[in-house]
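Worksheet for the structure shown next.
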Amino acid sequence: MSVYKISIVALIVAGYLNNAEATMSTVDTDGWLHTGDIVCFDQEGYIHIFDRLKEIIKYKGFQIAPADLEAVLISHPEILDVAVTGTVDEEYGEIPVAFVVRKHGSRLSSAGVMDYVSEQVAPYKKVRKVVFTNSIPKSAAGKILRRELRILLTSKL
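Shown next as structure tokens:
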């Protein structure tokens, strides 16, 4: 599957109000608005938003989309909800961390989660750490609040 970044040129937006830095990182000098969305095309040519560029985990020079790992993890019969984010690692740059909500009565272990993922993804995409939690923080729109997960992760270190 090929993935692409969305960039738009049109009279859409002049920039962020009173925030030149945000404007410069989003709208280039040629007027292209870089949304930060990563998309893919299905077989019928429809575009599907896949992930956000700023959420990509950079592991040993490889790029890992959290959505890839989340799709694998949520297919596990003992996992109720999941979110993946990266955390800084001195040796590898970043490592993927899975936040997992187990189904009631599950005895799923961290090793069980990591083994399940490693059987289905390329070696560089493997989850390197698992944090079990009671819930995944989400916005009112249902989007995963990865910033809160990273805060939770640093408080556990």
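So the sequence shown is residues -22 to -1, 1 to 135, counted in mature numbering (1 follows the signal peptide of the UniProt record, and there is no 0).
Just so you know, even glycine gets a beta-carbon here, dropped at the ideal spot from N, CA and C.
What do you reckon, are the CB atoms on residue i and residue j nearer than 9 Å?
i           : j      : result
Leu130      : Val109 : yes
Val60       : Ile52  : yes
Val105      : Leu47  : yes
Val79       : Ile122 : no
Lys103      : Ile42  : yes
residue 137 : Thr13  : Here the chain comprises residues numbered -22 to 135, so residue 137 is not present and cannot be evaluated.
Val50       : Val5   : no
Phe40       : Val62  : no
Leu(-6)     : Asp15  : no
Have a look at residue i and residue j and give me their C-alpha separation to the nearest angstrom.
i      : j      : result
Ile57  : Thr7   : 46 Å
Met2   : Thr65  : 26 Å
Leu11  : Phe19  : 20 Å
Glu126 : Ser117 : 11 Å
Leu86  : Gln21  : 36 Å
Can you name the residues that DSSP bridges to residue i?
i      : result
Ala76  : Val62 and Val108
Lys116 : Ile122
His26  : Cys18
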